[in-house]
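Protein chains in written order, with this note's numbering: chain W, 1 to 532; chain Y, 1001 to 1216.
Using N, Cα and C, we set each Cβ at its ideal position, and we do this for glycine too.
Quantities reported herein were computed from a predicted structural model and do not represent experimental measurements.
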Amino acid sequence: MKEILIKSNIWVGALALAIALPIFVVGSAWLLPGTDLWSHFAQTLLPELVSSTLILLIGVGIGVSVLGTVLAYLVVMVDFPGRAWLEWALFLPFAIPAYVLAFVYLGVFDYSGYVQVWLREYLGIPGFDIRSGHWAIILTFVLVFYPYVYMMARASFKRQKIQMIEAGKMLGAKPLRVFWRISVPLARPAIAAGLLVTLMETLADFGVVSLFNYSTFTTAIYSAWGDFRSIEVAAQLASLLVVVSFFLIYFERKARGKAKYYSSDVSNIKAYYAKGLTGWLIFLFVFGVFMLSFAMPLLQILIWSVEVFTLEWSDRYFDYFASSGILTISATALIVVIATILALPSRRKSESKTLQLLIRFSTLGYALPGSVMAVGLLYGVQNISLISIYFAGSSINHILFGSVALLLFAYVSRFMAIAYNSTSASSEQIKPVYGQSAKLLGASRLRLIQKVYLPMMMPGILAGGLLVAVDVMKELPATYLLRPFGWDTLAIRVFELSSEGLYERAAIPALIMVVFGAIIMLIFNKLDSEKY
Amino acid sequence: MLSVSNLSISFDESQVLEGFNLSVESGDIFALLGDSGSGKSSALRFIAGLENAMNGSVVLDGADLSLNGVHSVKPELREIGMVFQDYALFPHMTVFQNISFGIDHLSKKSKTEKVASLLELISLKGIEKKYPHQLSGGEQQRVSLARALANSPKLLLLDEPFSSLDKSHRDELVKDVRSILKKQSVTSILVTHDEAEAKAFADKIGKIEKKQLFIN
Ligand SMILES: Nc1ncnc2c1ncn2[C@@H]1O[C@H](COP(=O)(O)OP(=O)(O)OP(=O)(O)O)[C@@H](O)[C@H]1O
Ligand SMILES: [Mg+2]
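What follows is the structure in structure tokens.
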């Protein structure tokens, strides 16, 4: 028994280490001698970078926490008109890539967009630059990323026993007090997990910040690499990002605290009934968020797509679609299987501190911009290749460069955190007694995993797989750098067109991705509502 | 026959049990009393192979399960059943799936028969398709008992199985479960706080005091 665990721990540790490889490669940049360029960066740009990144993180963090939690609470605990369909409709913004929402909003609200033209012509209000300041970009991020918090908080609220809420009510607590004193504290771990994902995504984002001309670590990394051709400075900056992520993860762990809220009962009883005006006001609020974050942007890209359809559409779209599909499905399957192995509760008690640390490392890739991940991998491969020339006399560059395997590796490193957060959250819900009673009933390790752990983790596994699938489909920079010849995806096409300012034409591949993503969300919703 | 000898358990420097000895004749029901924190659950979990100890041996029907603090047989191979305080029914499985979990290797037909007869034994016929959350606390407790009995364990461990039920239900269930266990002549150990419950349920009673067991 012990030996099996130790052996499997070694395997799991090796797996986690392999996934974390790009991080270590990036970190190793500090071993290189310091350059003038770095001191230039550190003195002139770093302070501003730190403050603007911090403002962005704080603004987005507060925004998504409040919006995601409030929406989740309303949808789970309150009965109001339209609740049932809004509950799943609020997931749909997952299907919209952040850079798509950004270009749609810019297209609409920019100097030459409908809104400003109308304001100028009819109200005489002078034009303004929505790119300046922090508000517009923070709002954009909040509208794309709130579903992460919404999703986690909703699952957690659903698990809260109605009796607890009722006990609060019997003690005379008003709805708001019940929300603050009972529901939110119990959901805190889930909210923190959603917030963590959001902040990591924000740190790694390139599309939105560059469209808004907002400087963050990511843009500095691109500039170090693209403008100054210094892979070392890029890697050094990237490793600072890794440190920031480590702090975020630490704070998330703290927010979770020691308490583990085991509960597997899901009730569908509503705690509150909002009738009349209150009900409709709540509806308006939730519906408004749905319109702003999904329906209106979708409508806009639909209009643009129709306008330019004959110009942009061609048979090549079948290839883009196939590439996106194959990469998404294979990467998702791979990531979900690994995340499940890493999160299985059977190992939890026995695992060592080192293993826990390795698993944490394996999820850090989420904060690395996709391009840095790619550079790290290429850099690593180059060194491996040098070693192979030394020992075997032949280069293995041609096998690794431009291969689908390398791209899949990048996806696994990059998106492990999403799947792992979700699978481990569901595995932590499994009380140890379930494993113990299964063992006493004679179940082997394999059977315990198959019959007890996997089914109980399934909601988390599905949720993780869904998020990963949508994210892989949307992924841009790593795909761009690592894709084998002939593997252009829909995201690449959006990028090619929008980087030339052809927003209307970029709407076509964007629309396909959004529809595709929306279908994944619908499947998820179907699976989600079937059991429990 | 079960015999536990020289069991010593400690957590973080603090000794919970020291030189604990216990033997239970085949078919007997033994009740283990003791204050909260005296190590009742720990002893039970060691017998089940779920907890480690500094020292202690377990022999069940002539087979060495643990020797000098080392478990030589895994929990899943001990043929020991356990009923937990909060039942631990698998929430994603029906009553049928829960009860048949330990006998899944049997044919569909014999499983169905076995589950039906167990449900009859616990006086809950026809609830095979229900999920645990659709049952009352007492019903869940009976199902959890049926699950533990399904693969005819050599020893049944019950860790405060009645403590979350109200008094009137409890007295009834204590009697019922005793008669079920007697009918099947299963060797059993019940852990409880309640002396009256111990008297009503068991053939023999022991109490943990000063890290050791004293038989009344
Ligand atoms: N996993 C553990 N780690 C540390 N200490 C533990 C652990 N399990 C039990 N203990 C400690 O060992 C002592 C005995 O615990 P045990 O659960 O066996 O008591 P008990 O007699 O069953 O109590 P109760 O009647 O309250 O259930 C307690 O002081 C408890 O705090
Ligand atoms: Mg106890």
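For this session: Answer yes or no: does any C-beta atom of chain W fall closer than 8 Å to that of H1169 (chain Y)?
Result: Here the question's residue 1169 (chain Y) lines up with position 169 in the second sequence. Chain W contact via Cβ: absent.
Exercise. Within 8 Å (strictly less), CB to CB, does L441 (chain W) reach chain Y?
Worked result: Residue 441 (chain W) sits at position 441 when you count from the first residue of the first sequence. Chain Y, which has a Cβ nearer than 8 Å to the Cβ of L441 (chain W), makes this yes.
Exercise. Quick one: what's got a C-beta closer than 6 Å to Y111 (chain W)'s C-beta in the same chain, skipping five residues either side?
Worked result: Mapped onto the first sequence, residue 111 (chain W) falls at position 111. Here the set comprises G127.
For this session: Mind reading off the beta-carbon distance from L1007 (chain Y) to F1046 (chain Y)? Whole number of angstroms is fine, and I expect it under 8 Å.
Result: By 1-based counting over the second sequence, the position of residue 1007 (chain Y) is 7. By 1-based counting over the second sequence, the position of residue 1046 (chain Y) is 46. Going by Cβ atoms, the distance from L1007 (chain Y) to F1046 (chain Y) rounds to 6 Å, so yes, they are a contact pair.
Problem set entry | Which of helix, strand or coil DSSP assigns to G1034 (chain Y) | For the purposes of this step, residue 1034 (chain Y) is taken as residue 34 along the second sequence, with counting starting at 1. Correct three-state label for G1034 (chain Y): strand.
For this session: Can you tell me the Cβ-Cβ gap for A274 (chain W) and V75 (chain W), rounded? I've got them flagged as a contact below 8 Å.
Result: Counted from its first residue, the first sequence places residue 274 (chain W) at position 274. Counted from its first residue, the first sequence places residue 75 (chain W) at position 75. Actually they are not in contact, since the Cβ atoms of A274 (chain W) and V75 (chain W) sit about 12 Å apart, beyond 8 Å.
For this session: Taking only the alpha-carbon atoms, compute the straight-line gap between G464 (chain W) and V242 (chain W) and give it to the nearest angstrom.
Result: Counted from its first residue, the first sequence places residue 464 (chain W) at position 464. Counted from its first residue, the first sequence places residue 242 (chain W) at position 242. Cα to Cα, the separation comes out at about 22 Å.
Problem set entry | Backbone secondary structure at H1105 (chain Y) - three-state DSSP | By 1-based counting over the second sequence, the position of residue 1105 (chain Y) is 105. Three-state result, H1105 (chain Y): coil.
Problem set entry | I1180 (chain Y) to S1042 (chain Y) span [Cα, whole Å] | Here residue 1180 (chain Y) refers to the residue found at position 180 of the second sequence. Here residue 1042 (chain Y) refers to the residue found at position 42 of the second sequence. Looking at the two C-alpha atoms, the distance is approximately 26 Å.
Problem set entry | Through-space distance from K1199 (chain Y) to I1208 (chain Y), alpha-carbon basis | Taking the second sequence and counting its residues from 1, one reaches residue 1208 (chain Y) at position 208. Taking the second sequence and counting its residues from 1, one reaches residue 1199 (chain Y) at position 199. Taking the straight line from one Cα to the other gives about 16 Å.
Exercise. Relative to ligand 1, what is the chain-ordered list of residues with a Cβ closer than 5 Å to any of its non-hydrogen atoms?
Worked result: Y:F1011, Y:V1016, Y:S1036, Y:G1037, Y:S1038, Y:G1039, Y:K1040, Y:S1041, Y:S1042
Exercise. Under a three-way DSSP split, which group does N9 (chain W) fall into?
Worked result: Counting from one through the first sequence, the residue named residue 9 (chain W) turns up at place 9. Helix, per DSSP.
For this session: Check the C-beta distance from L368 (chain W) over to A204 (chain W) and give it rounded, since I have them as a contact under 8 Å.
Result: Against the first sequence, residue 368 (chain W) aligns to sequence position 368. Against the first sequence, residue 204 (chain W) aligns to sequence position 204. Right, their Cβ atoms sit about 6 Å apart.
Exercise. E1160 (chain Y): beta carbon under 7 Å from a heavy atom of ligand 2?
Worked result: As a working mapping, residue 1160 (chain Y) is identified with position 160 in the second sequence. Result yes, Cβ under 7 Å from ligand 2.
Problem set entry | Identity of the residues DSSP links to I1208 (chain Y) by a beta bridge | Translated into the one-based positions of the second sequence, residue 1208 (chain Y) becomes position 208. Answer is Y:G1034, Y:L1213.
Problem set entry | CB contact check: S371 (chain W) to chain Y, cutoff 8 Å | In the first sequence, residue 371 (chain W) corresponds to position 371, counting from 1. By this cut-off, S371 (chain W) is not an interface position.
For this session: Kindly confirm or deny that the region 180-195 of chain W and the region 477-493 of chain W touch, where touching means at least three C-beta pairs closer than 8 Å.
Result: no
For this session: Anything in the region 68-81 of chain W with a Cβ closer than 9 Å to a Cβ of chain Y? List those residues in chain order, please.
Result: none
Problem set entry | Buried versus exposed call for K114 (chain W) [16 or more other C-beta atoms within 10 Å across all chains shown] | Counted from its first residue, the first sequence places residue 114 (chain W) at position 114. Here residue 114 (chain W) is Tyr; the residue named in the question, Lys, does not match the sequence. Looking at its Cβ environment, which holds fewer than 16 other Cβ atoms inside 10 Å, Y114 (chain W) is exposed.
Problem set entry | Proximity test, Cβ basis, 8 Å: K526 (chain W) and chain Y | Along the first sequence, one-based indexing puts residue 526 (chain W) at 526. No - not a single Cβ of chain Y is within 8 Å of the one on K526 (chain W).
Exercise. Taking any Cβ of chain W, which residues in the region 1143-1175 of chain Y have a Cβ under 9 Å from it, in chain order?
Worked result: S1144, R1147, A1148, A1150, N1151, P1153, L1157
For this session: Would you mind working out which of W:S324, W:F516, W:A518, W:I449 sits nearest T340 (chain W), comparing C-alpha positions?
Result: Locating residue 340 (chain W) in the first sequence gives position 340, counting from the first residue. Here the closest residue by C-alpha is W:I449.
Exercise. Shorter than 8 Å from the beta carbon of A438 (chain W) to some beta carbon of chain Y?
Worked result: Here residue 438 (chain W) refers to the residue found at position 438 when the first sequence is read from its first residue. True, the Cβ-Cβ gap to chain Y drops below 8 Å.
Exercise. Applying a beta-carbon distance threshold of less than 9 Å, which residues of chain Y neighbour V452 (chain W)?
Worked result: The residue labelled residue 452 (chain W) in the question sits at position 452 within the first sequence. Within chain Y, the residues near V452 (chain W) are F1090, H1092, M1093, F1101.
Exercise. Shortest alpha-carbon distance to F228 (chain W) belongs to which of W:L37, W:I461, W:I430?
Worked result: On the first sequence, residue 228 (chain W) is found 228 positions in, with the first residue counted as 1. The residue with the shortest Cα to Cα distance from F228 (chain W) is W:L37.
Problem set entry | Under 9 Å by beta carbon: chain W residues contacting I1080 (chain Y) | Counted from its first residue, the second sequence places residue 1080 (chain Y) at position 80. Near I1080 (chain Y) (Cβ distances below 9 Å), the residues of chain W are L440.
Exercise. Given that A1116 (chain Y) touches chain W, what residues does it touch there, using C-beta distances under 8 Å?
Worked result: Stepping through the second sequence from its first residue, residue 1116 (chain Y) is reached at position 116. Those do not exist, as A1116 (chain Y) stays about 19 Å from chain W at its closest Cβ, beyond 8 Å.
For this session: To the nearest angstrom, report how far apart V104 (chain W) and Y503 (chain W) are at their CA atoms.
Result: Locating residue 104 (chain W) in the first sequence gives position 104, counting from the first residue. Locating residue 503 (chain W) in the first sequence gives position 503, counting from the first residue. One C-alpha to the other measures close to 8 Å.
Problem set entry | Cβ-based neighbour list, H1169 (chain Y), same chain, cut-off 6 Å, excluding 5 preceding and 5 following | Taking the first residue of the second sequence as position 1, residue 1169 (chain Y) is located at position 169. Cβ within range, chain order: G1138.
Problem set entry | Within chain W, the residues that L1050 (chain Y) reaches when beta carbons sit closer than 7 Å | Within the second sequence, numbered from 1, the residue matching residue 1050 (chain Y) stands at position 50. Ordered by position in chain W, the residues that pass the 7 Å Cβ test against L1050 (chain Y) are Q436.
Exercise. Going along the chain, which residues of its own chain have a beta-carbon closer than 7 Å to the beta-carbon of I130 (chain W), five neighbours each way excluded?
Worked result: As a working note, residue 130 (chain W) is residue 130 in the first sequence. The residues are F109, D110, A136.
For this session: Indicate whether at least one CB of chain W lies closer than 8 Å to the CB of F1011 (chain Y).
Result: As a working mapping, residue 1011 (chain Y) is identified with position 11 in the second sequence. Output row for F1011 (chain Y): interface = no.
Exercise. Mind pulling the chain W residues with CB within less than 9 Å of F1084 (chain Y)?
Worked result: For the purposes of this step, residue 1084 (chain Y) is taken as the residue at position 84 of the second sequence. Residues of chain W passing the Cβ test: V433, Q436, S437.
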